[in-house]
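Taken in sequence, the protein lines are chains P and Z. According to full-length UniProt numbering, the stretch in the first sequence is residues 1 to 311, in order. According to full-length UniProt numbering, the stretch in the second sequence is residues 1 to 190, in order. Beta carbons: idealized from backbone N, C-alpha and C, even for Gly.
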Amino acid sequence: MSDWRPGTDARALKARAMLYRQVRAFFDARDVLEVDTPQLASHGVTDIHIQCIAVPGYGYLQSSPEYHMKRLLAAGSGPIWQICRAYRDGEAGRRHNPEFTLLEWYRTGYSLDDLIRECCTLLSELLALSKVQRYAFRELFREVTGLDPLTADTDALRAHAARHTELPALDHAGLVDYLMATEVEAALPPEQLSVVDRFPGWAAALAQTEHDPDGAEVALRFEVYARGMELANGYYELTDTAEQAARFARDQARRAAYQQPPMAPDPYLLAALAHGLPACAGVAVGLDRVLMCQLGESDIRRLITFPHHNA
Amino acid sequence: MATYSTNEFKSGLKVMLDGDPCAIVENEFVKPGKGQAFNRVRLRNLKTGKIWERTFKSGESLEGADVMDVEMQYLYTDGEFWHFMNPESFEQLPADEAAVRDAIQWLKEEDMCTVTLFNGAPLVVAPPNFVEMEIIETDPGLKGDTAGTGGKPAKLSTGATVRVPLFVQTGEVIKIDTRTGEYVSRVKGG
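1) Can you tell me which of P:Asp47, P:Ala41 and P:Ile48 puts its alpha carbon nearest to the alpha carbon of Val55 (chain P)?
2) Helix, strand or coil for Phe137 (chain P), going by three-state DSSP, please let me know.
3) Is there contact here, the stretch 44–58 of chain P with the stretch 116–134 of chain P, by at least three beta-carbon pairs under 8 Å?
4) Whose CA, out of P:Ser124, P:Thr154 and P:Ala162, lies closest to the CA of Gln192 (chain P)?
5) Thinking Cys119 (chain P) and Ala257 (chain P) are a contact (beta carbons under 8 Å), I'd like their distance in whole angstroms, please.
6) Any Cβ of chain P within less than 9 Å of the Cβ of Ala23 (chain Z)?
7) Classify Ser157 (chain Z) as buried or exposed, calling it buried when 16 or more other Cβ atoms lie within 10 Å of its own Cβ.
8) Rounding to the nearest angstrom, what Cα-Cα distance links Pro38 (chain P) and Trp52 (chain Z) in this structure?
9) Using the C-alpha atoms, what's the distance from Gly146 (chain P) back to Gln82 (chain P)?
10) If you reduce the DSSP assignment to three classes, tell me which class Trp52 (chain Z) lands in.
11) Which runs of the beta strand (DSSP E) at least 3 residues long sit entirely within the stretch 55–122 of chain Z? Give them in chain order.
12) Compare the C-beta of Thr145 (chain P) with all C-beta atoms of chain Z and state if any pair is closer than 9 Å.
13) Name the DSSP beta bridge partners of Cys52 (chain P), please?
14) Suppose you measure from the CA of Glu97 (chain Z) to the CA of Val115 (chain Z); what does that come to, to the nearest Å?
15) Are the Cβ atoms of Arg227 (chain P) and Cys293 (chain P) separated by less than 9 Å?
16) Hey, out of P:Tyr225, P:Gly109 and P:Arg221, whose CA is closest to Leu188 (chain P)'s CA?
17) At a CB-CB cut-off below 9 Å, which residues of chain Z make contact with Pro166 (chain P)?
18) What residues from chain B crowd round His96 (chain P), counting only those whose CB sits closer than 8 Å?
19) Runs of 3 residues minimum, wholly inside the stretch 59–133 of chain P: which ones carry the beta strand (DSSP E) assignment?
20) Since Glu223 (chain P) meets chain Z, which of its residues come closer than 8 Å, beta carbon to beta carbon?
21) Cβ of Val30 (chain Z) within 9 Å of Cβ of Ile24 (chain Z)?
22) Apply the 10 Å Cβ neighbour rule to Ile136 (chain Z) and answer buried if 16 or more other Cβ atoms are within range, or exposed otherwise.
23) Against chain Z, which members of the stretch 230–246 of chain P pass a CB distance test of less than 9 Å?
24) Determine the chain Z residues that contact Met180 (chain P) at a beta-carbon separation under 8 Å, and present them in chain order.
25) Do Gln244 (chain P) and Leu206 (chain P) have their beta-carbon atoms positioned less than 9 Å apart in this structure?
26) Based on Cα-Cα distance, which residue from P:Ala272, P:Arg5, P:Leu112 and P:Trp4 lies nearest to Arg198 (chain P)?
27) Once DSSP output is grouped into helix, strand and coil, what is the label at Leu170 (chain P)?
28) Opposite Asn39 (chain Z) in the DSSP bridges: which residues?
29) Apply the 10 Å Cβ neighbour rule to Tyr178 (chain P) and answer buried if 16 or more other Cβ atoms are within range, or exposed otherwise.
30) Name the one or two DSSP bridge partners that Lys155 (chain Z) has.
31) Taking the alpha helix (DSSP H) that residue 192 (chain Z) falls in, what are its first and last residues?
32) Would you kindly work out how many angstroms separate the C-alpha atoms of Glu210 (chain P) and Arg138 (chain P), rounded to a whole number?
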């Protein structure tokens, strides 16, 4: 017998409806415009760690609404937000579903700190967590592991990471990812909003970068964690067309090196940047995980009406 | 044999790891922010029964293991091998001591067992959940005792020892749950 029943109970359905209402009220009160962008589009992302789902004849299901929202911003939309579905191939587990729900918003004229404050105001309301603690990625990582993620010897990172499990072949960034996802995240106090910023330069993605006093490149990027989960990821957005094109090219080279399918850079995004993206900061929040936090539910599949195994 | 990518991993899947057949017990997908995705996997080595923990990069794959469970009848042992027969094909297969180690004290001739075959050869033998065996030695018990109070050790025909109620006597046939090694009941007409 096929299991036709939804993964959710009545409590989860109501909590989701309430969550969407709260979010809408939050942005209405702040005069941020709700928008709607395509989920199916000609191009996907080049990011080596995000695999888009191809739709033959059409392009790709979007892994985030970021490119289209930036095109709206470049066209003069002003501050915008939306709740939408996003899709990532191969991401399935207790905290991942290949189709999931994102809240994403952009603030023109905001600094990264302004956006961090707004993001924490919203999450504090949604999760009833009042304490906010900020950490710089390097300091936090060093405090927990004893190793500097940017300057530590790769072999020292590997030896530290391999204490508890046999690891696959990983490069320096892969080892930092592993330790961040296991040891460091687990060390964050659960009952607070933990804001981690100044990520390593190699993890800038679409964020601007700057330099620490010792010359190491760090990204103007932050993440918010609560109750053991990563909830939000934000950037002070890159607006430089040449730098964006260079990052696309670097991603393509890495994709080729790792025998991943090639992804053409999105020419529309590059053209919009060339036209001019206003200075802005943007953030995405995983709403399914916010629900997990609200309800104390450990499995995302019980908060999605029909998770992928019986969708 | 097929290969399985990490996104096909699920509990029960049989794969090869370091040359040994293993069954996946648990598979957890872990992915930090926009970084490398991992699968943290717990596997049971089907040869040794030991649990292994391994971390894979998502997208890596393992070769499937040619492992299947077959119901076979235990025939006899020649001291070196324990011989089993497929009752449908009448094919006979010898299992070595490593394969029967955990089952040996519950093996009775003509009983049906679950034999896990790896590349066609017996890897592990599991006895039936319940077996009936004769008591060859136990202290004489007190008359009038009922099941559930006290108890005494009884030695069975295979050499196994189980605790039985005091009223059960030498020569009687009893039923045992092999999963717990506990006495269940007397068997009438034994």
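Straight from the coordinates:
1) For Val55 (chain P), the nearest C-alpha among the options comes from P:Ala41.
2) helix
3) no
4) Nearest C-alpha to Gln192 (chain P) among P:Ser124, P:Thr154 and P:Ala162: P:Ser124.
5) Not really, about 35 Å apart at Cβ, beyond 8 Å.
6) no
7) exposed
8) Pairing Pro38 (chain P) with Trp52 (chain Z), the inter-Cα distance amounts to about 44 Å.
9) 40 Å
10) strand
11) 61–63, 67–77, 82–85, 92–95 and 112–118
12) no
13) Answer by DSSP bridge pairing: none, since Cys52 (chain P) is not bridged.
14) 13 Å
15) yes
16) P:Tyr225
17) A quick correction: the sequence has Glu, not Pro, at residue 166 (chain P). When 9 Å is used as the limit between beta carbons, Glu166 (chain P) is near these residues of chain Z: Trp52, Glu53, Arg54 and Thr55, in chain order.
18) Of the protein chains in this structure, namely P and Z, none is chain B.
19) 59–61, 80–87 and 99–108
20) Gly33
21) no
22) exposed
23) Glu230 and Asn233
24) Pro32, Gly33 and Gly35
25) yes
26) P:Leu112
27) coil
28) Asn39 (chain Z) pairs with Z:Phe29 and Z:Phe56.
29) Result: buried.
30) Checking the DSSP bridge columns, you'll see Lys155 (chain Z) partnered with Z:Glu137 and Z:Thr161.
31) The structure shown has nothing for residue 192 (chain Z), since chain Z only spans 1 to 190.
32) 14 Å
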